[in-house]
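J.: First to last, the sequence lines map onto chains S and V. Read in order, the letters of the first sequence are residues 1 to 295 in UniProt numbering. Read in order, the letters of the second sequence are residues 1 to 295 in UniProt numbering. In this text, a Cβ means the ideal position worked out from N, Cα and C, and glycines have one as well.
There are 2 protein chains.
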Amino acid sequence: MTENSLSQYCQSKIKLIDEALSEHIPGNAYPPGIYDSMRYSLFAGGKRLRPIMLMAAADAVGGQGSNYLPVACGLEMIHTYSLIHDDLPAMDNDDYRRGKLTNHKVYGDGMAILAGDGLLTAAFGTMLSQPNVDSAILVRVVKEIADAAGAAGMVGGQAVDLASEGQTIDAKTLKFMHQAKTGALFKAALRAGALLAGASEKEVGALTYYAEQFGLAFQITDDILDVVGSQDKIGKPVGSDIKNHKVTYVSLHSLDGAKQLAQKAVDDALGSLSEFGTEAAILRALVEYLIIREA
Amino acid sequence: MTENSLSQYCQSKIKLIDEALSEHIPGNAYPPGIYDSMRYSLFAGGKRLRPIMLMAAADAVGGQGSNYLPVACGLEMIHTYSLIHDDLPAMDNDDYRRGKLTNHKVYGDGMAILAGDGLLTAAFGTMLSQPNVDSAILVRVVKEIADAAGAAGMVGGQAVDLASEGQTIDAKTLKFMHQAKTGALFKAALRAGALLAGASEKEVGALTYYAEQFGLAFQITDDILDVVGSQDKIGKPVGSDIKNHKVTYVSLHSLDGAKQLAQKAVDDALGSLSEFGTEAAILRALVEYLIIREA
Numbered sequence: 001m002t003e004n005s006l007s008q009y010c011q012s013k014i015k016l017i018d019e020a021l022s023e024h025i026p027g028n029a030y031p032p033g034i035y036d037s038m039r040y041s042l043f044a045g046g047k048r049l050r051p052i053m054l055m056a057a058a059d060a061v062g063g064q065g066s067n068y069l070p071v072a073c074g075l076e077m078i079h080t081y082s083l084i085h086d087d088l089p090a091m092d093n094d095d096y097r098r099g100k101l102t103n104h105k106v107y108g109d110g111m112a113i114l115a116g117d118g119l120l121t122a123a124f125g126t127m128l129s130q131p132n133v134d135s136a137i138l139v140r141v142v143k144e145i146a147d148a149a150g151a152a153g154m155v156g157g158q159a160v161d162l163a164s165e166g167q168t169i170d171a172k173t174l175k176f177m178h179q180a181k182t183g184a185l186f187k188a189a190l191r192a193g194a195l196l197a198g199a200s201e202k203e204v205g206a207l208t209y210y211a212e213q214f215g216l217a218f219q220i221t222d223d224i225l226d227v228v229g230s231q232d233k234i235g236k237p238v239g240s241d242i243k244n245h246k247v248t249y250v251s252l253h254s255l256d257g258a259k260q261l262a263q264k265a266v267d268d269a270l271g272s273l274s275e276f277g278t279e280a281a282i283l284r285a286l287v288e289y290l291i292i293r294e295a
Numbered sequence: 001m002t003e004n005s006l007s008q009y010c011q012s013k014i015k016l017i018d019e020a021l022s023e024h025i026p027g028n029a030y031p032p033g034i035y036d037s038m039r040y041s042l043f044a045g046g047k048r049l050r051p052i053m054l055m056a057a058a059d060a061v062g063g064q065g066s067n068y069l070p071v072a073c074g075l076e077m078i079h080t081y082s083l084i085h086d087d088l089p090a091m092d093n094d095d096y097r098r099g100k101l102t103n104h105k106v107y108g109d110g111m112a113i114l115a116g117d118g119l120l121t122a123a124f125g126t127m128l129s130q131p132n133v134d135s136a137i138l139v140r141v142v143k144e145i146a147d148a149a150g151a152a153g154m155v156g157g158q159a160v161d162l163a164s165e166g167q168t169i170d171a172k173t174l175k176f177m178h179q180a181k182t183g184a185l186f187k188a189a190l191r192a193g194a195l196l197a198g199a200s201e202k203e204v205g206a207l208t209y210y211a212e213q214f215g216l217a218f219q220i221t222d223d224i225l226d227v228v229g230s231q232d233k234i235g236k237p238v239g240s241d242i243k244n245h246k247v248t249y250v251s252l253h254s255l256d257g258a259k260q261l262a263q264k265a266v267d268d269a270l271g272s273l274s275e276f277g278t279e280a281a282i283l284r285a286l287v288e289y290l291i292i293r294e295a
């Protein structure tokens, strides 16, 4: 698959996802203040990577990804809430995200906290509105997503990140932090798509491994981009990790070492798809093009 | 039922709830920082009113309330997260709650935001671990709770509260704000208990009305206590609503007017239970003793 075909696939899915998100978080709902603030960040140019991963996983096991838009949208709401809260002055204190003012710079800290809370809560209401799926499977999937997003997952990773700023942490702690902060939700997305589409346990296992390697490659690439990227492309000031004395894969392994680690993770992710056919083309393309984002 | 019997009933339920909460948010989990912060507020002396209401509603329709501890605990986690976030400097900026330092005064603003996020997320993971309930009913119940806690409910009420501080709002807006901020979760608790225990639609309807009146009486009483209570009993400085220029039932209706409104809500709540037998004794006692909290 060419990068162009992948881009077309993503554009078509983004259209579906954006329409569904706008139905679940409507622009004319009461009270308007909180909905405005939630929608500001929800429609601030996100790449919709997590919902696309869910849909691509469903496709990869012979299902129809677009049948699972409510669960897919829930993942995007969780991702978006985490960005709003991360950007707050009490956390990373970022004024810009994707080239736009962050939520709290527009709506104030209090409303930004509530917008995050509203999106996190809406994520679960939306996921539980998923039709045409066996309820027991839906319960399992949404519970997995909650576990991945919570204190043992994404929130826990963020807490370790917060506590370790300006401090030295070892490679093992860094790995945990990133698996929890970024990897856990990717893994839940892939597994959700597979489980919702009725995948076999073997297929779920392969996609779980794919997700772990994908998440790792994603995080290492993020650290690399903070050093060699341009503000235009990554939408935030380059070098902010260095400025904030953050431990990253680059600071621990050097730029070349980090690039090698990223390449190995990509290769391992591709290897896990060896028994899948052309239905997994999107998953292959997603991880192949991931690490050349900076090119 | 005497106030003493109600107190004994509540103590026995609180013991069950606290044990279950400690299993779901364990003290020895990794990473420790975030779990410490979550547990600090979760075990800061809450009255466990929402989980008790859920259990009492299940009892009232002939079920066994203690069978539904996971969903009951989820309600308490949602309530606790909302208090942590409300107390933040960007919101109500309170240093004390129930006579103890608020979460952010102990752990810092960033960790307090994450502790709230962790509890909200854990609420859904915990509720979806509820065993021995038909999955379709569980999905319905947890979705109702998400809707009650979200932007059209509790978070929305909080957003209106935040936006209206220092401003004049009318009685209609005040009513919406409190129904959303406090009433919605009470209603979800009562309905959840009834639905989980297999209540008829008629019973669910009666308990829904009970919950609405209970929530109203609760909020009016809260406003009254802010004027006539003592810091010892309510655990925060008396008069903080006046200090913060908040519109309350007392500021809108005078102290006597507010007391009359509270009594009417209590009477209406009791009326809705007229077709229930002794199984509803706890629900009757809860609303009867509620408005004499300050006595």
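If residue 85 of chain S sits next to residue 50 of chain S, beta carbons under 8 angstroms apart, how far is it from one beta carbon to the other, in whole angstroms?
T.: That pair is no contact at about 17 angstroms.
J.: Return the first residue and the last residue of the alpha helix (DSSP H) that residue 55 of chain V is part of.
T.: 49 to 60 is the span of the alpha helix (DSSP H), which, as asked, contains residue 55 of chain V.
J.: Hey, which unbroken runs of the alpha helix (DSSP H) at 4 residues or more fall wholly within the region 72 to 114 of chain V?
T.: 103 to 107, all fully within the region 72 to 114 of chain V.
J.: In this structure, does DSSP put residue 134 of chain V in helix, strand or coil?
T.: Coil at residue 134 of chain V, not helix or strand.
J.: With a CB to CB cut of under 6 angstroms and the five nearest residues on each side skipped, what residues in its chain are close to residue 295 of chain S?
T.: For residue 295 of chain S, the pLDDT reaches just 35, beneath the cut-off of 50, and the residue's location in the model is therefore unreliable, although a value from the coordinates is still provided. Taken in chain order, the list of residues that qualify is empty.
J.: So, residue 269 of chain V versus residue 217 of chain V, is the Cβ gap smaller than 8 angstroms?
T.: It is a contact, given that the beta carbons lie within the stated cut-off.
J.: Residues of the region 110 to 136 of chain V with a CB closer than 7 angstroms to any CB of chain S: list them in chain order, please.
T.: For the region 110 to 136 of chain V, which is checked against every Cβ of chain S, the residues closer than 7 angstroms are 110, 111, 113, 114, 117, 118, 120, 121, 122, 124, 125, 128, 129, 135 and 136.
J.: Checking contacts by CB at 8 angstroms: is residue 72 of chain V closer than that to chain S?
T.: No, residue 72 of chain V lies away from the interface with chain S (no Cβ there is under 8 angstroms from its Cβ).
J.: Put residue 276 of chain V into one of helix, strand or coil per three-state DSSP.
T.: In this structure, residue 276 of chain V counts as coil in the three-state DSSP scheme.
J.: Are the beta-carbon atoms of residue 190 of chain S and residue 20 of chain S separated by less than 8 angstroms?
T.: Their beta carbons are not under 8 angstroms apart, which means residue 190 of chain S does not touch residue 20 of chain S by this criterion.
J.: I'd like the list of long-range same chain contacts for residue 122 of chain V, defined as Cβ closer than 7 angstroms, with 5 residues on each side in sequence excluded.
T.: 24, 25 and 77, listed in sequence order.
J.: When we look at the beta-carbon of residue 136 of chain S and count the other beta-carbons within 10 Å, is it buried (16 or more) or exposed?
T.: Its Cβ having fewer than 16 others within 10 Å, residue 136 of chain S is exposed.
J.: Strictly below 9 angstroms CB to CB, what residues from chain S border residue 88 of chain V?
T.: Going along chain S in sequence order, the residues near residue 88 of chain V (Cβ under 9 angstroms) are 90, 109, 110 and 113.
J.: Could you have a look at residue 271 of chain S and say whether DSSP puts it in helix, strand or coil?
T.: Here residue 271 of chain S sits in helix by DSSP.
J.: Give the residues of chain V in contact with residue 138 of chain S, contact being defined as C-beta atoms less than 7 angstroms apart.
T.: Neighbours of residue 138 of chain S on chain V, chain order: 139.
J.: Just to check my reading of the structure: residue 55 of chain V and residue 13 of chain V have Cβ atoms closer than 8 angstroms, yes? What is that Cβ distance to the nearest angstrom?
T.: Residue 55 of chain V to residue 13 of chain V, Cβ: 6 angstroms. Contact.
J.: Below 8 angstroms on C-beta distance, what does residue 85 of chain V contact in chain S?
T.: Per Cβ cutoff of 8 angstroms: 113, 114 and 117.
J.: Just to confirm my understanding: we take residue 104 of chain S, look at its own chain, exclude 5 residues before and 5 after, and list those with CB closer than 6 angstroms. What are they?
T.: Once the five neighbours on either side are set aside, the close Cβ partners of residue 104 of chain S are 88 and 112.
J.: Using a C-beta cutoff of 8 angstroms, does residue 11 of chain V count as contacting chain S?
T.: With 8 angstroms as the cut-off, residue 11 of chain V does not count as an interface residue toward chain S.
J.: When the Cα atoms are used, what is the spatial distance from residue 168 of chain S to residue 175 of chain S?
T.: Cα to Cα, the separation comes out at about 14 angstroms.
J.: Give a yes or no on whether the C-beta atoms belonging to residue 109 of chain S and residue 101 of chain S are separated by under 8 angstroms.
T.: Contact: no.
J.: Determine, for residue 162 of chain S, whether the minimum Cβ-Cβ distance to residues of chain V falls below 8 angstroms.
T.: Yes, contact with chain V.
J.: Could you tell me which chain V residues have their CB closer than 7 angstroms to the CB of residue 147 of chain S, listed as they occur along the chain?
T.: By Cβ distance, chain V contributes 125.
J.: Distance, Cα to Cα, residue 314 of chain S vs residue 201 of chain V?
T.: A question about residue 314 of chain S goes unanswered here, because the residues of chain S that appear run from 1 up to 295.
J.: With C-beta atoms as the reference, is residue 184 of chain S less than 8 angstroms away from residue 272 of chain S?
T.: No, they are not a contact pair.
J.: Tell me the residue span of the alpha helix (DSSP H) that contains residue 35 of chain S.
T.: Residues 32 to 42.
J.: Assuming residue 68 of chain V contacts residue 196 of chain V under a Cβ cut-off of 8 angstroms, what Cβ separation, rounded to an integer in Å, is found between them?
T.: The pair is a contact, with the Cβ atoms about 5 angstroms apart (cut-off 8 angstroms).
J.: How is residue 25 of chain V classed by DSSP in three states: helix, strand or coil?
T.: Here residue 25 of chain V sits in coil by DSSP.
J.: Grab the span of the alpha helix (DSSP H) containing residue 223 of chain S for me, first residue to last.
T.: Taken as a continuous stretch (DSSP letters only), the alpha helix (DSSP H) holding residue 223 of chain S covers 201 to 228.
J.: Is it true that the CB of residue 282 of chain V sits closer than 8 angstroms to the CB of residue 159 of chain S?
T.: Not in contact: residue 159 of chain S and residue 282 of chain V (Cβ atoms no closer than 8 angstroms).
J.: Are at least three pairs of beta-carbons, each pair with one atom in the region 124 to 143 of chain S and one in the region 3 to 11 of chain V, less than 8 angstroms apart?
T.: Touching, no, given that fewer than three Cβ pairs across the two stretches are closer than 8 angstroms.
J.: List the residues of chain V whose Cβ lies closer than 7 angstroms to the Cβ of residue 158 of chain S, in chain order.
T.: Near residue 158 of chain S (Cβ distances below 7 angstroms), the residues of chain V are 114.
J.: Specify the secondary structure class of residue 165 of chain V as computed by DSSP and reduced to three states.
T.: It is coil, neither helix nor strand.
J.: Buried or exposed: where does residue 188 of chain V fall if 16 or more other Cβ atoms within 10 Å of its Cβ makes it buried?
T.: That one is buried.
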